[in-house]
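Visitor: Residue numbers 1283 to 1837, in my numbering, belong to the letters of the sequence shown in order. C-beta atoms are modelled at their ideal positions from N, C-alpha and C, and glycine is treated no differently. Remember, it's a predicted structure, so these values are computed and weren't measured experimentally.
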Amino acid sequence: MYSSKKNVLLLASMLEAYSIREVVLCPGSRNAPLIQTFSQNPFFRCYTVVDERSAGFFALGLAQKIQQPVAVCCTSGTALLNLGPAVAEAYYQQVPLLVISADRPQSWIGQMDGQTLPQPGVFNSLVKQSIQLLEPDSEEDEWYCKRMIHDAIFQLMNRLPGPSHINIPLSEPLFDFSVTELPKNKPILRNPVDYSLNNSALLDEWNLSTKKMILIGQLPPFNGLEKALESIAEKFDCVILAEHTANIRSSKVIYNFDAIIYQLLNEEIACFSPDLLITLGGHVVSKRIKKFLRSCKPASHWYVSEEPKIVDLFQSITAQLEMDPLSFVEEINKKCSSNTLKHTYQSRWLSQSKHVLPPTTTVYSDLWVMGKLLEALPCNAALQLGNSSVVRNAQLYPLDASVSVYCNRGTSGIEGSVSTAVGFASIHKGLTFLIVGDLSFFYDVNALWNRHIKSNLRILLINNGGGEIFHLLPGLNQAVSLDQYVSCRHSTRAEKWAQSMGFDYLSAHKEEEFINNLDSFFSVEASNPVLFEVITTMEVNAEVFKSYYHKLKTI
1283 MYSSKKNVLL LASMLEAYSI REVVLCPGSR NAPLIQTFSQ NPFFRCYTVV
1333 DERSAGFFAL GLAQKIQQPV AVCCTSGTAL LNLGPAVAEA YYQQVPLLVI
1383 SADRPQSWIG QMDGQTLPQP GVFNSLVKQS IQLLEPDSEE DEWYCKRMIH
1433 DAIFQLMNRL PGPSHINIPL SEPLFDFSVT ELPKNKPILR NPVDYSLNNS
1483 ALLDEWNLST KKMILIGQLP PFNGLEKALE SIAEKFDCVI LAEHTANIRS
1533 SKVIYNFDAI IYQLLNEEIA CFSPDLLITL GGHVVSKRIK KFLRSCKPAS
1583 HWYVSEEPKI VDLFQSITAQ LEMDPLSFVE EINKKCSSNT LKHTYQSRWL
1633 SQSKHVLPPT TTVYSDLWVM GKLLEALPCN AALQLGNSSV VRNAQLYPLD
1683 ASVSVYCNRG TSGIEGSVST AVGFASIHKG LTFLIVGDLS FFYDVNALWN
1733 RHIKSNLRIL LINNGGGEIF HLLPGLNQAV SLDQYVSCRH STRAEKWAQS
1783 MGFDYLSAHK EEEFINNLDS FFSVEASNPV LFEVITTMEV NAEVFKSYYH
1833 KLKTI
């Protein structure tokens, strides 16, 4: 039985028409008509998460896995504001997250009624579309609601996806659940836009450039780019740089470019800088590559994106190409003539990449743990990375080509890494690994209070007693406020939290304990999720980092 509210029935039927099946529900009374309608319809797969901030990231993890829109539904008031961080991450990570918020009638907003605030447009520019439904009294009202829902879903599922917000006012009485069928609605069909690289001036520019570089930011796994990029590398004198979050791994693709740039001598910089830079995909983690390309500006910079919006990260953009990355790379392969000259520029980068080896420390530390874990990861693993130190340290080591990498680099916040991994694992059939730092973990520890946690979740918590990355920043590492107020040094452990939430708990304080626990951590036979807490110290970690980067300068 469904709610009698017409706007609720319309919304549910439209989501079904557009095949939006996954719905994360947060408890509440104002959104009870929505909860009742979604949960009682067998088409929808519903999940319950109490904490709205965690729920938003849980939904984000679901969307990362299925690469389809996911809805998250909350009650009125500050519940909606708690979805803000996940909405921002979805916007910049280009994830189709649909926020559905129940609301009081407009007449009661600002009248000191409970759980009220101005909800329409609350996410401002961080959503593709924000709409306010009516409580329909006529056929025209219903037409208006349907038109607005179509628009919100269109924006959600656009060429370049992102979040949409549907605010739905609901008057009392709220709890009439007497309707037996949803209304019938159909989606509006769309044809995809085809973009081709037909600009002869750009093709000439490609052919004439002697130092071509393609830099690839974050992309979802299975993006289809590897073979096309390998073809480009074989045909042209082109350097291809990609971090693990780009999910492109090939012998032709350089992943350790951050370390390469660090050890370059001043007289070598000009030889390594490009004259034609092409950027694809989303965010890049490395600050060093940003500084390098801003200081050695290429003569030409093409930004390839399906969104008609100028993004000039390196202050050098000369062309905006509205294409998806795969179409662009295929067009280059098809329309540009092969370079018969030696691949001098490419060889220079590849040779340097082979010299810059990953850290080989034998000292038990964050880097030692990261290297051992990534080396031992099983094939086809799904790897979620926490932000800050974790995603940067992972970049120092090679990864098996079968491993899929996810990280909340849209806004690069620490607040939702655990919740995102929990959401992802809830629908993923294989093992899901999360590597996360202590501040990120404890900030988002409510993610463990979740009925949808499955035994396939493996969390490696690197606990070094605070925000270690702040101790590595020149200048800040001399501040007297660092320990207490910036890095928040602590001695908290996760054991009791993990055990109370039904996790199997492992821990390590030294090399032997870490190695001995790996089999249990990787086991597919475990009947419970596993949290492996690795205790390290900031002081040792700092020395290991200094030693590694000192060696880079001596290569």
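#1: Tell me the DSSP secondary structure of S1789 in three-state form.
#2: State the Cα-Cα distance for the pair A1515 and I1592, rounded to the nearest angstrom.
#3: From what residue to what residue does the beta strand (DSSP E) around P1451 run?
#4: Give, in chain order, every unbroken run of the beta strand (DSSP E) that is at least 3 residues long and sits entirely within the stretch 1670-1738.
#5: On a CA-only basis, which of Y1688, E1508, L1497 is nearest A1524? Give me that one, please.
#6: Note down, in chain order, each residue of its chain lying with its Cβ closer than 6 Å to the Cβ of I1560, except the 5 sequence neighbours on either side.
#7: Compute the beta-carbon to beta-carbon distance between L1362 and C1356, rounded to the nearest angstrom, for a pair I have assumed lies under 8 Å.
#8: For the stretch 1544-1605, list the beta strand (DSSP E) runs that are entirely contained and at least 3 residues long, ordered along the chain.
#9: Quick check on S1577: buried or exposed, where buried means 16 or more other Cβ atoms within 10 Å of its Cβ?
#10: Specify the secondary structure class of M1783 as computed by DSSP and reduced to three states.
#11: Who are the near neighbours of L1536 in its chain, counting only those whose CB is closer than 8 Å to its CB and skipping five residues on each side?
#12: Taking W1650 as the reference, give the member of A1510, Q1388, C1770, F1827 with the closest Cα.
#13: Let's see if you can read the secondary structure: which residues bound the alpha helix (DSSP H) around I1317?
#14: Out of curiosity, what's the CA-to-CA distance linking S1555 and I1302?
#15: Using a 10 Å radius around the Cβ and a threshold of 16 neighbouring Cβ atoms, would you call K1509 buried or exposed?
#16: Restricting to Cα atoms, I'd like to know which of A1483, F1405, I1450 is closest to A1314.
#17: I'd like the span of the beta strand (DSSP E) that includes R1327, first residue to last.
#18: Counting only runs that start and end within the stretch 1335-1407, where is the beta strand (DSSP E) found for 3 or more residues in a row?
#19: So which of I1797, H1637, A1345 has the shortest CA-CA distance to I1709?
#20: Straight-line CA distance for D1682 to C1661?
#21: Of the residues S1805, N1481, S1582, A1370, which one's Cα is nearest the Cα of S1407?
#22: Any contact of the stretch 1652-1667 with the stretch 1693-1706, i.e. 3+ C-beta pairs under 8 Å?
#23: To test your reading of the DSSP string, which unbroken alpha helix (DSSP H) runs of 4 or more residues are found completely within the stretch 1461-1497?
#24: Within its chain, find whatever has a CB closer than 6 Å to the CB of L1562; leave out the 5 residues flanking it on each side and keep chain order.
#25: Name the one or two DSSP bridge partners that F1457 has.
#26: If distances are taken between C-alpha atoms only, which option among Y1373, S1383, K1617, G1784 comes closest to A1483?
Guide: On the basis of the supplied data:
#1: Residue state for S1789 is assigned as strand, using DSSP reduced to three classes.
#2: Spanning the two alpha carbons is a distance of roughly 27 Å.
#3: P1451 -> beta strand (DSSP E) spans 1446-1451.
#4: For the stretch 1670-1738, whole beta strand (DSSP E) runs of length 3 or above, ordered along the chain, are 1686-1689, 1714-1719.
#5: Selected option, being the one with the closest Cα: L1497.
#6: The beta carbon of I1560 lies closer than 6 Å to those of I1496, W1584 in the same chain, with the five residues before and after it left out.
#7: Indeed they touch by this definition, with Cβ atoms about 6 Å apart.
#8: With a minimum length of 3 residues, the continuous beta strand (DSSP E) runs that stay inside the stretch 1544-1605 are 1558-1562, 1582-1586, 1601-1603.
#9: By the C-beta density criterion, S1577 is exposed, having fewer than 16 other C-beta atoms within 10 angstroms.
#10: M1783 falls in the coil class under three-state DSSP.
#11: With the sequence shown as reference, residue 1536 is identified as Ile, and Leu is not the correct amino acid for it. Leaving aside the five residues that flank I1536 on each side, the residues in its chain whose CB is nearer than 8 Å to its CB run, in chain order, V1521, I1522, L1523, A1524, I1542, W1631, L1632, S1635.
#12: Across the set A1510, Q1388, C1770, F1827, the C-alpha of F1827 shows the shortest separation from the C-alpha of W1650.
#13: I1317 -> alpha helix (DSSP H) spans 1314-1321.
#14: So the two alpha carbons sit approximately 45 Å from each other.
#15: K1509 comes out exposed.
#16: Each of A1483, F1405, I1450 was checked against the Cα of A1314, and the nearest Cα belongs to I1450.
#17: Judged by DSSP secondary structure, R1327 falls within the beta strand (DSSP E) whose first and last residues are 1327-1330.
#18: Inside the stretch 1335-1407, DSSP marks whole beta strand (DSSP E) runs of 3 or more residues at positions 1352-1356, 1379-1385, from first to last along the chain.
#19: Ranked by how close their Cα comes to the Cα of I1709, the residues I1797, H1637, A1345 have A1345 in first place.
#20: Distance between the alpha carbons of D1682 and C1661 is about 7 Å.
#21: Nearest to S1407 by C-alpha distance, out of S1805, N1481, S1582, A1370, is A1370.
#22: Touching, yes, given that three or more Cβ pairs across the two stretches are closer than 8 Å.
#23: Every alpha helix (DSSP H) stretch that sits fully inside the stretch 1461-1497 and reaches 4 residues is listed by chain position as 1482-1490.
#24: Cβ neighbours of L1562 beyond the five flanking positions: I1498, V1586, P1607.
#25: F1457 is not bridged to any residue.
#26: By alpha-carbon distance to A1483, the top candidate from Y1373, S1383, K1617, G1784 is K1617.
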